[in-house]
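**Q** From first to last, the protein sequence lines are chains Z and A. Position 168, counted from 1, in the first sequence is what my numbering calls 448; the numbers after and before it change by one each time, with no gaps. Position 79, counted from 1, in the second sequence is what my numbering calls 99; the numbers after and before it change by one each time, with no gaps. Note that CB positions come from ideal geometry on N, CA and C, so glycine has one too. It should be emphasised that the depicted structure is a prediction, and the values quoted were computed from it without experimental measurement.
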Amino acid sequence: MNPQAASDAFYAALLDDDPEQLYERAPCGYLSTTPDGMVVKTNATFVDLTGYPREDLVGRRTFASLLTAGGRIYHETHYAPMLRMQGTVREVAFEIVRADGTRLPVLINAALEWDADGSPRVVRVAVFDATHRREYERELLRAKQRAEQSESRAQALARTLQSTLIPPSPPLVPGLDVSAAYRPAGDGREVGGDFYDIFQISAGHWVVALGDVCGKGVDAAVVTALVRHTIRALSVQQEQPSAVLRDLNDVLLAQGGDRFCTVVLVRLRRDGDAWSATMASGGHPLPLHVPAGCTVRPVGATGTLVGVLSQLRVQDSVLRLDPGDLLVMYTDGVTEGRRAAEFFGEERLHRSVVDHRDARLPADGILGDVLDFQQGSARDDIAVVAVRVPPLPATVHQQVREESPT
Amino acid sequence: MDDILARHNVRVTGRPDGRPVMFAHGFGCDQNMWRFVAPAFEDEFRVVLFDQAGAGGADPAAYDPARHASLHGYAEDVVSICRALEARDVVFVGHSVSSMIGALAALAEPDRFARLVMVSPSPRYIDDEGYVGGFSATDIRELLDSLDSNYLGWSSAMAPMIMGNPERPELAGELTDSFCRTDPQIARRFAEVTFTSDNRADLPRVQTPTLVLQCAQDAIAPVSVGRYVAEAMPHASLVLLDATGHCPNLSAPEETVAAIAPFIRDGRLVG
Chain Z
281 MNPQAASDAF YAALLDDDPE QLYERAPCGY LSTTPDGMVV KTNATFVDLT
331 GYPREDLVGR RTFASLLTAG GRIYHETHYA PMLRMQGTVR EVAFEIVRAD
381 GTRLPVLINA ALEWDADGSP RVVRVAVFDA THRREYEREL LRAKQRAEQS
431 ESRAQALART LQSTLIPPSP PLVPGLDVSA AYRPAGDGRE VGGDFYDIFQ
481 ISAGHWVVAL GDVCGKGVDA AVVTALVRHT IRALSVQQEQ PSAVLRDLND
531 VLLAQGGDRF CTVVLVRLRR DGDAWSATMA SGGHPLPLHV PAGCTVRPVG
581 ATGTLVGVLS QLRVQDSVLR LDPGDLLVMY TDGVTEGRRA AEFFGEERLH
631 RSVVDHRDAR LPADGILGDV LDFQQGSARD DIAVVAVRVP PLPATVHQQV
681 REESPT
Chain A
21 MDDILARHNV RVTGRPDGRP VMFAHGFGCD QNMWRFVAPA FEDEFRVVLF
71 DQAGAGGADP AAYDPARHAS LHGYAEDVVS ICRALEARDV VFVGHSVSSM
121 IGALAALAEP DRFARLVMVS PSPRYIDDEG YVGGFSATDI RELLDSLDSN
171 YLGWSSAMAP MIMGNPERPE LAGELTDSFC RTDPQIARRF AEVTFTSDNR
221 ADLPRVQTPT LVLQCAQDAI APVSVGRYVA EAMPHASLVL LDATGHCPNL
271 SAPEETVAAI APFIRDGRLV G
């Protein structure tokens with residue numbers, strides 16, 4: 281037979297295919313039922329799939345009675361109402377209980393046909409074997425549940441980790457008002473790189489450290505923890521902030537990896553009613569000094585990033601903080617806070633610092649301004665620490681004046 | 021107060037001065053379940069339809085996992101809607117689980133409800149010693165599995181279309197295709213609350229005159245359960261319908277209307 285003749289014969293055979301065989305041997309099970317579900321007709325495929333002899337089904341069983349108990353409830357509460365209301369039901373998942381008691385996962389499409397007078401006449405149901413699909417779907421469902429659990433564990437871990445990098449609340453320092461504010465980027469699901477620390481060396485002798493480790497997540501958190509604890513350990517041995525930062529630079533380089541950071545370190549010593557501040561910055565924005573009644577000015581000298589080059593260029597600056605003076609340290613999440621293409625910037629920050637200089641918690645006020653500017657959502661971590669020497673009470677001034685003539 | 025009416029997609033039709041008849045749908049679909057029944061009462065009554073929290077066109081915010089962890093939360097919603105409508109002398113018609121929700125509402129504010137109609141009710145679905153509810157605890161777990169596998173077809177993109185559309189009429193065409201679809205988490209919780217509840221102890225305390233409509237061959241609430249409900253309530257009568265299945269409001273609306281109408285008009289029974 282030549283190819284043309286073979287092709288013709290094939291199509292001729294298709295056209296001759298017996299409609300009865302098309303129904304009986306279709307690659308899916310067919311059921312026809314009365315509107316209340318009684319089986320009136322079925323095909324050989326359905327009989328093969330389920331193992332019920334035809335005579336046990338027709339006129340004897342309803343479609344719902346072939347389902348599991350859970351499936352029967354779903355049938356009554358969802359499938360039947362949908363079929364009645366919209367005339368068709370697509371891709372409903374059931375399990376049919378076979379004649380031998382085993383279960384056959386199926387997908388059902390069904391259509392309801394109405395009489396000319398609009399009353400339901402017959403339901404036609406197509407039944408597809410979905411054994412393998414259902415197994416796969418169950419795996420998907422389990423994977424989804426596992427993913428959700430793992431996500432919530434990861435979030436809990438991030439929160440716990442973050443809480444170890446930031447003091448729960450600033451310590452009470454005699455003779456100094458300390459306020460600190462921190463806000464992680466976005467929804468706080470990821471551990472940020474900003475950190476700060478405030479700790480005591482001895483009576484009237486404190487250290488404030490504030491910095492930003494590049495990157496986010498667990499890798500950054502490991503470096504942040506290292507930086508924070510190294511600063512604590514070194515500050516006990518080293519007097520000069522610049523010396524502490526140099527040693528920190530060596531530690532980071534020795535540790536390997538490509539994480540670097542910026543840090544500003546301020547050593548505070550009490551001197552009567554005033555404080556002396558010695559500070560060094562390793563590539564970090566300079567602290568802002570607001571002397572009582574004066575404007576804001578950055579103090580100190582910006583050095584180089586910590587953990588990049590073997591020679592760190594940093595220098596110490598000394599500043600006297602008189603009663604009423606405010607010193608603010610912040611990370612770049614403040615000045616780089618954005619609204620559309622606009623940055624919060626230094627000018628807004630200086631204004632915000634002046635606005636909150638006499639507030640009870642200046643750091644919280646400044647953070648609030650940055651968040652308001654960004655309409656509540658932080659694109660980057662924000663950390664602010666503010667230390668203020670309490671102004672002398674007016675009565676003390678008077679006493680001094682009254683006493684001076686004598 | 022008007023908020024609650026929007027939240028529950030409440031629609032009021034019929035005679036504004038008529039006695040209020042409130043139709044409550046059960047687990048599965050929404051107020052469309054009454055589409056073939058409610059219009060028959062509009063000439064004579066003030067007809068109130070609403071969607072239960074978490075169902076149909078109800079505002080997602082109406083659903084509170086803590087409050088709706090028991091049928092009492094749903095009963096509070098019913099009472100709040102009646103208050104907002106200043107409806108008194110209410111006839112409450114509840115299908116399936118909403119029958120028990122109606123009983124709890126009537127116990128909470130007996131003066132507000134004049135009559136209860138329970139369509140295919142069950143006070144407890146799971147068998148107990150000396151009581152046949154029709155299901156075992158395993159069956160109910162299977163139902164929850166069945167919900168899970170059927171909600172694989174649910175996508176988050178559908179949620180905004182189905183939920184939070186108090187203005188349904190324009191969208192009715194598109195939405196009929198999805199009127200039985202609910203947020204899978206909520207559907208699961210509602211199923212759990214529904215099929216694990218036990219309100220048998222509440223029934224004897226309900227003083228409101230009650231009509232129990234029972235279908236033949238109801239796969240969810242068998243005839244023996246319907247009888248149990250009618251016998252446990254001090255002022256209840258049972259009417260057996262010829263209709264089969266669990267939803268006579270869909271499968272036999274005329275028979276359902278014919279049974280309800282005389283009872284809520286003057287307490288007569290037809291059956």
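1. So which residues on chain A does Arg619 (chain Z) lean against when the C-beta distance must stay under 7 Å?
2. Taking only beta carbons into account, state which residues of the region 132-145 of chain A come closer than 7 Å to chain Z, listed in chain order.
3. Check the Cβ of Thr264 (chain A) against every Cβ in chain Z and list those closer than 7 Å, keeping chain order.
4. Any chance the CB of Pro85 (chain A) is under 7 Å from a heavy atom of the ligand PLP?
5. Which residues in the same chain have their Cβ closer than 8 Å to the Cβ of Phe623 (chain Z), if we skip the five residues on either side of it in sequence?
6. So, is the C-beta of Cys102 (chain A) closer than 8 Å to a C-beta in chain Z?
7. Mind checking Ala621 (chain Z): buried by the 16 CB within 10 Å criterion, or exposed?
8. Against Gly48 (chain A), what residues of chain Z qualify as contacts under a CB-to-CB distance less than 7 Å, listed in chain order?
9. With a threshold of 8 Å between beta-carbons, can Tyr354 (chain Z) be considered close to chain A, or not?
10. Compute the Euclidean distance between the alpha carbons of Ala78 (chain A) and Val30 (chain A), then round it to the nearest angstrom.
11. What does DSSP give as the partner residues of Glu375 (chain Z) in its beta bridges?
12. Buried or exposed for Thr440 (chain Z), going by 16 or more other Cβ atoms inside 10 Å?
13. Could you spell out the range, first to last residue, of the beta strand (DSSP E) harbouring Ile481 (chain Z)?
14. Find out if the Cβ-Cβ distance for the pair Asp530 (chain Z), Thr611 (chain Z) is shorter than 8 Å.
15. Taking DSSP's pairing of strands, which residues face Val633 (chain Z) in a bridge?
16. From Ser285 (chain Z) to Asp397 (chain Z), what distance separates their C-alpha atoms?
17. Tell me which residue opens and which closes the beta strand (DSSP E) that Lys714 (chain Z) is part of.
18. Report yes or no: is there a C-beta of chain Z within less than 8 Å of the C-beta of Met53 (chain A)?
19. Can you check DSSP and say which residues form a bridge with Cys541 (chain Z)?
20. With burial defined as no fewer than 16 other Cβ atoms inside 10 Å of the residue's Cβ, what is the status of Glu415 (chain Z): buried or exposed?
21. Grouping DSSP H, G and I as helix and E and B as strand, with all else coil, what is Val259 (chain A)?
22. Measure the C-alpha to C-alpha separation of Gln520 (chain Z) and Pro85 (chain A) and round it to an integer number of angstroms.
23. State yes or no: is the beta carbon of Asp63 (chain A) nearer than 8 Å to at least one beta carbon in chain Z?
24. Output yes if chain Z places a C-beta closer than 8 Å to the C-beta of Glu251 (chain A); else output no.
25. If we ignore side chains and look at the alpha-carbon of each, how far apart do Trp486 (chain Z) and Arg27 (chain A) end up?
26. Tell me the residue span of the beta strand (DSSP E) that contains Val570 (chain Z).
27. Could you check which residue in A:Leu91, A:Asp109, A:Ser116, A:Ala89 has the C-alpha nearest to that of Gln51 (chain A)?
28. Buried or exposed: where does Ser522 (chain Z) fall if 16 or more other Cβ atoms within 10 Å of its Cβ makes it buried?
29. Is the CB-CB distance between Asp661 (chain Z) and Gly473 (chain Z) below 8 Å?
30. Hey, Leu641 (chain Z) and Ser482 (chain Z): beta-carbon distance below 8 Å or not?
31. Nearest by alpha-carbon distance to Arg628 (chain Z): which of Z:Val405, Z:Gly645, Z:Phe540 is it?
32. Please work out which residues of its chain come closer than 6 Å, Cβ to Cβ, to Asp602 (chain Z), disregarding the five sequence neighbours upstream and downstream, and give them in chain order.
33. Can you round the beta-carbon distance between Leu270 (chain A) and Phe56 (chain A) to whole angstroms, since I take them to be within the 8 Å contact cut?
34. Within 10 angstroms of the Cβ of Thr348 (chain Z), are there 16 or more other Cβ atoms? Answer buried if so, exposed if not.
35. Would you decide whether Arg352 (chain Z) is buried or exposed? Buried here means 16 or more other CB atoms lie within 10 Å of its CB.
36. Let me see if you follow: with CB-CB separation under 8 Å, is Ile206 (chain A) close to chain Z or not?
**A** Quick answer:
1. Chain A residues near Arg619 (chain Z): none, gap ~28 Å exceeds 7 Å.
2. none
3. Asp316
4. The model depicted lacks the ligand PLP and carries no ligand whatsoever.
5. Thr615, Glu616, Gly617
6. no
7. exposed
8. Thr357, His358, Pro361
9. yes
10. 9 Å
11. Z:Pro385
12. exposed
13. 474-482
14. no
15. In the DSSP output, where bridge partners are listed per residue, Val633 (chain Z) has none listed.
16. Here residue 285 (chain Z) turns out to be Ala, not Ser, going by the sequence shown. The straight-line gap from Cα to Cα measures roughly 51 Å.
17. The structure shown does not extend to residue 714 (chain Z), since chain Z is modelled only from 281 to 686, so the question has no answer here.
18. yes
19. Z:Val493, Z:Val586
20. exposed
21. strand
22. 58 Å
23. no
24. no
25. 57 Å
26. 568-570
27. A:Ser116
28. buried
29. yes
30. no
31. Z:Gly645
32. Ala554
33. 7 Å
34. buried
35. buried
36. no
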